[in-house]
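Below is one structure, written out as structure tokens; comments come after it.
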Amino acid sequence: MNSIERKVRIRNMDKLEKLLEQMSLKEKINQLLQLPGSYYENDSFLTGPAQERGFCEDNLKLAGSVLSVSGAGTLKALQKKYIDRHPHHIPLLFMADIIHGYKTIFPIPLAIGCTFEPEIMEKCCAIAAKESAAAGLHVTFSPMADLVRDARWGRVMESTGEDVYLNSCFARAAVRGYQGENVKEKGKIAACVKHFAAYGAPEGGREYNNVELCDATLKEDYLPAYQAAIDEGAGMVMAAFQTFNRIPATANKYLLTDILRKQMHFQGVVISDWMAVHELVLHGMADTDKEAAMLAFGAGVDVDMSTAAYADNLEKLIEEGEISEKDVDAAVLRVLELKNKLGLFENPYKDADEEEERRVVLCREHRLWAREAAAKSFVLLKNESGLLPVTDRAEKIALIGPYADRKAMISAWSIFGEEKDCITVKEGLLEAGYLNIEVEEGCHMIDGHMQLGGLARGSVGFEDEEQAGQMYKDAVDLAKRSDKVILAIGEHRFQSGEAASRADITIPKGQQELLKGIYQVNRNIAAVIFTGRPLDLREVEKYAKAILIVWFPGTEGGNAIADILSGTKNPSGRLSMGFPYCVGQIPVHYSEFSTGRPASTLKNGSRFGSVYMDIPNEPLYPFGYGLSYTEFQYGGVELDKDIMTGSEEITASVTVKNTGNRCGEEIVQMYLQDKTGSVVRPKRELKGIEKVSLKPGESREVKFILDENMLRFYTKSGEWDSEPGTFFVYIGKDSDTQNKAEFELVK
Ligand code: GLC
Numbered sequence: 113m114n115s116i117e118r119k120v121r122i123r124n125m126d127k128l129e130k131l132l133e134q135m136s137l138k139e140k141i142n143q144l145l146q147l148p149g150s151y152y153e154n155d156s157f158l159t160g161p162a163q164e165r166g167f168c169e170d171n172l173k174l175a176g177s178v179l180s181v182s183g184a185g186t187l188k189a190l191q192k193k194y195i196d197r198h199p200h201h202i203p204l205l206f207m208a209d210i211i212h213g214y215k216t217i218f219p220i221p222l223a224i225g226c227t228f229e230p231e232i233m234e235k236c237c238a239i240a241a242k243e244s245a246a247a248g249l250h251v252t253f254s255p256m257a258d259l260v261r262d263a264r265w266g267r268v269m270e271s272t273g274e275d276v277y278l279n280s281c282f283a284r285a286a287v288r289g290y291q292g293e294n295v296k297e298k299g300k301i302a303a304c305v306k307h308f309a310a311y312g313a314p315e316g317g318r319e320y321n322n323v324e325l326c327d328a329t330l331k332e333d334y335l336p337a338y339q340a341a342i343d344e345g346a347g348m349v350m351a352a353f354q355t356f357n358r359i360p361a362t363a364n365k366y367l368l369t370d371i372l373r374k375q376m377h378f379q380g381v382v383i384s385d386w387m388a389v390h391e392l393v394l395h396g397m398a399d400t401d402k403e404a405a406m407l408a409f410g411a412g413v414d415v416d417m418s419t420a421a422y423a424d425n426l427e428k429l430i431e432e433g434e435i436s437e438k439d440v441d442a443a444v445l446r447v448l449e450l451k452n453k454l455g456l457f458e459n460p461y462k463d464a465d466e467e468e469e470r471r472v473v474l475c476r477e478h479r480l481w482a483r484e485a486a487a488k489s490f491v492l493l494k495n496e497s498g499l500l501p502v503t504d505r506a507e508k509i510a511l512i513g514p515y516a517d518r519k520a521m522i523s524a525w526s527i528f529g530e531e532k533d534c535i536t537v538k539e540g541l542l543e544a545g546y547l548n549i550e551v552e553e554g555c556h557m558i559d560g561h562m563q564l565g566g567l568a569r570g571s572v573g574f575e576d577e578e579q580a581g582q583m584y585k586d587a588v589d590l591a592k593r594s595d596k597v598i599l600a601i602g603e604h605r606f607q608s609g610e611a612a613s614r615a616d617i618t619i620p621k622g623q624q625e626l627l628k629g630i631y632q633v634n635r636n637i638a639a640v641i642f643t644g645r646p647l648d649l650r651e652v653e654k655y656a657k658a659i660l661i662v663w664f665p666g667t668e669g670g671n672a673i674a675d676i677l678s679g680t681k682n683p684s685g686r687l688s689m690g691f692p693y694c695v696g697q698i699p700v701h702y703s704e705f706s707t708g709r710p711a712s713t714l715k716n717g718s719r720f721g722s723v724y725m726d727i728p729n730e731p732l733y734p735f736g737y738g739l740s741y742t743e744f745q746y747g748g749v750e751l752d753k754d755i756m757t758g759s760e761e762i763t764a765s766v767t768v769k770n771t772g773n774r775c776g777e778e779i780v781q782m783y784l785q786d787k788t789g790s791v792v793r794p795k796r797e798l799k800g801i802e803k804v805s806l807k808p809g810e811s812r813e814v815k816f817i818l819d820e821n822m823l824r825f826y827t828k829s830g831e832w833d834s835e836p837g838t839f840f841v842y843i844g845k846d847s848d849t850q851n852k853a854e855f856e857l858v859k
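In this note's numbering, the protein residues as written are 113 to 859.
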């Protein structure tokens, strides 16, 4: 055994408790501290941010975990040095934000949500785990399971959208992908589900802002996806930054103990978000870090991410009887258990292996999968007169726009991914055999006044008006002498992600001007849109014949886009979040309540309904919507019986036919509506999905089994139960379908 193995031995639960008994209070408290990996990357630890934050040498020596540093060689060296110095040779945990891939970057989670295939999420996370484990990481701060119904919020890109059922399916699949059956196995890492709870509903869509939700909405809409991840065995939960019931989640005992521990039965580690313990002072919940530490620890936060609040104050708080050493022991034991589950006491390096890292990172198999997943995540919103696919490789194609030949196809949350590894649209189209392509950027990515929060490395070049004018002219001239235009436009990748809330969710004005200019000389415009959020696409919808949403497609983006534009692959993505008519409609989601004056009851131009005076109620493109290069026809919804008793099931079936002239995949969606309840019930809720692949002319009967569990909700008495009465089953291609049947629940 090498020196490191002599120092750490196999431990199981009672040995962990024995280890805990041997640890000093200082050692135990520092197990609850997580430090930035940069503090270890050079020996000048005690200068700069570390010193400003009040850390000392002992914190470096005893901290329980580290975040945001990776690399097999780096982490092995760090682990060895740390264990050698630690009094009980307890290994460090290495954690990082592997949000949608490690080095091989996959589509953003909002895009993967559009595949309506949780298996795709599972495989992306399994590959991310394999690459990051080889690079020495143990835990990822993922999946982000926050339900989001507000496209102004920049972190919508990290979510899988607006739907409770879909988010739960994807959260479960992500944990399965990261952790597998046993997180100790090679190529597996622990998942940390975040941000608990309801971070996706900030008022005004403004980052870190207060959340106002009633308990029923919290429990019925926002908690299920976290619960799904916890039921799948997620090793950690991260507390959210924002307030709920006017108490920051970091100090919210109702959320972190009453709900998370007692009702949702989570037994793993709860970690704060970045410096969130100290932020309790800024929230106005505490006057000092000591008070903040007391509130956070008392609420149920085990690990303090990147502040010295716990390390500096827990001992005093124990002495003063504000918290108990018994509770500190319980928190430390959860951290030790996580390390034990990962097998770090047997092998502190786990899978860190330079050779394996070189072999698996960005390997051909992973790239091919990234390409497959990206193509399945794209959503075709419009395709007038079958402009797409562009099958004639000899056609004169004008490839125009800031994304025409730009590698920035990964999101702001691709911490270890690199733009240089990405395939551009131009590269993808050339690779796909397009012979007659000319490229013009046409305009800058963002408008001069736009701010990117200091994240944009280098200039985005918008300051030179003359240059911008020439770019525009060259692009319009090119469009004029071309058969078709592929216009690659969209948000800058730093216009979404954390701290990227936008009140204007249109594409940058310069890009809109370019689109209009091209439209004057060529109507055959296919807009390929890069975005981290649903956008207000009314202007694009006016001028583009085809609209393909590619989100931030990841490392293989250009190849995947070429696969779809060429028709090699048929688009099958469906919106996991509706695109609003405009920002004024937000929050908008399909599972809304009827209200006492639904628009459908308005007669003779009456105004007294739940409607706007100036826009429609409906989003521009609804949840579940997406086109294919073929067409699908649905038969009526058939039920094998129209009465459901408590134990009996009902089989709902529908026949789907491919009436077009090419193979295609259709995502059959099943929604249920509870006509009346002891509380108001959503107009409909997604309860089942089935992806079918059909050849031209082929039909398939798709069945959904309905059971009483699907009908449960939090009743007026707060019980999770179903109530007798009339239900409607909708089965169709998106959340607007009127294809329905009716049954009665009798209890
Ligand atoms: C960030 C994010 C959180 C992330 C953490 C560590 O502020 O809110 O999602 O996991 O800090 O980087």
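Glycine residues also receive a C-beta, built at the ideal position from the N, C-alpha and C atoms. Quick caveat: nothing in here was measured; it's all calculated off a predicted structure.
- Shown in chain order are the residues whose CB sits closer than 7 Å to a heavy atom of the ligand GLC: Leu-179, Ser-180, Asp-209, Phe-253, Met-256, Lys-306, His-307, Met-350, Phe-353, Asp-385, Trp-386, Met-417, Glu-610.
- Between Pro-360 and Gln-191, the gap from beta carbon to beta carbon reaches 8 Å or more.
- Separation of the CB atoms of Gly-789 and Glu-835 is rounded to 6 Å, and the pair is thereby assigned contact status at 8 Å.
- With fewer than 16 other beta carbons inside 10 angstroms of its own, Gly-696 counts as exposed.
- Straight-line spacing of the CA atoms in Asn-495 and Tyr-737 works out to 13 Å.
- Rounded to the nearest whole angstrom, the C-alpha separation of Gln-143 and Asn-425 is 14 Å.
- Looking at the DSSP output, Thr-767 sits in a beta bridge with Glu-813.
- Leu-335 is positioned such that its CB atom lies no closer than 8 Å to that of Ser-688.
- One alpha carbon belongs to Ala-351, the other to Gln-624, and they sit about 40 Å apart.
- Per DSSP, reduced to three states, the secondary structure at Pro-148 is strand.
- In this structure, Leu-823 is the residue among Lys-828, Leu-823, Asn-851, Ile-843 with its C-alpha nearest to the C-alpha of Val-858.
- Runs of the alpha helix (DSSP H) lying entirely within the region 623-672 and spanning at least 4 residues, in chain order: 650-655.
- Cα atoms of Glu-466 and Leu-205: separation of roughly 18 Å, rounded to the nearest angstrom.
- Burial is judged here by how many other beta carbons sit within 10 angstroms of a residue's own beta carbon; Lys-799 has at least 16 and is buried.
- Setting aside the 5 residues that flank it on each side, Gly-292 is surrounded in the same chain by Lys-300, each with a C-beta closer than 6 Å to its C-beta; the list follows chain order.
- With 16 or more neighbouring CB atoms inside 10 Å of its own CB, Pro-203 falls in the buried class.
- The beta-carbon separation of Ser-254 and Ala-340, rounded to 14 Å, does not stay under the 8 Å limit for a contact.
- With respect to the 8 Å criterion, Pro-683 and Leu-547 are not classified as neighbours on the basis of their beta carbons.
- Nearest to Val-382 by alpha-carbon distance, out of Lys-331, Asp-258, Leu-392, Val-415, is Val-415.
- Residue state for Asn-495 is assigned as strand, using DSSP reduced to three classes.
- Around the beta carbon of Phe-228, 16 or more other beta carbons sit within 10 angstroms, so the residue counts as buried.
- Taking Leu-784 as the centre and dropping the five residues before and after it, the same chain places the C-beta of Arg-796, Glu-797, Lys-799, Leu-818, Met-822, Leu-823, Phe-839, Phe-840, Val-841, Tyr-842 closer than 8 Å to its C-beta, in chain order.
- For the pair of segments examined, the region 241-255 was found to touch the region 178-198: the number of CB pairs separated by less than 8 Å reaches three.
- Ser-489 and Asp-504 have their C-alpha atoms roughly 24 Å apart.
- Under the three-pair Cβ rule at 8 Å, the region 430-449 counts as touching the region 134-141.
- Per the DSSP secondary-structure output, Thr-355 pairs in a beta bridge with Pro-360.
- By the Cβ neighbour-count rule, Pro-620 is buried, with 16 or more other Cβ atoms within 10 Å of its own.
- Of all alpha-carbon atoms in Thr-849, Met-269, Lys-845, Lys-787, the one lying nearest the alpha-carbon of Glu-856 is that of Lys-787.
- Per DSSP, Ala-303 lies in no alpha helix (DSSP H); the unbroken beta strand (DSSP E) holding it starts and ends at 302-308.
- DSSP, reduced to helix, strand and coil, places Tyr-422 within a helical segment of the structure shown.
- Cβ-Cβ distances below 7 Å link Pro-728 to Tyr-693 in the same chain, with the five nearest sequence neighbours on each side left out; the list follows chain order.
- Taking the Cα positions, His-604 is about 12 Å away from Gly-565.
- Look at Asp-327 here: in three-state DSSP terms it is helix.
- Here Ala-285 is near Glu-234, since their CB atoms are less than 8 Å apart.
- Between Gly-213 and Gly-529, the CB-CB gap stays under 8 Å.
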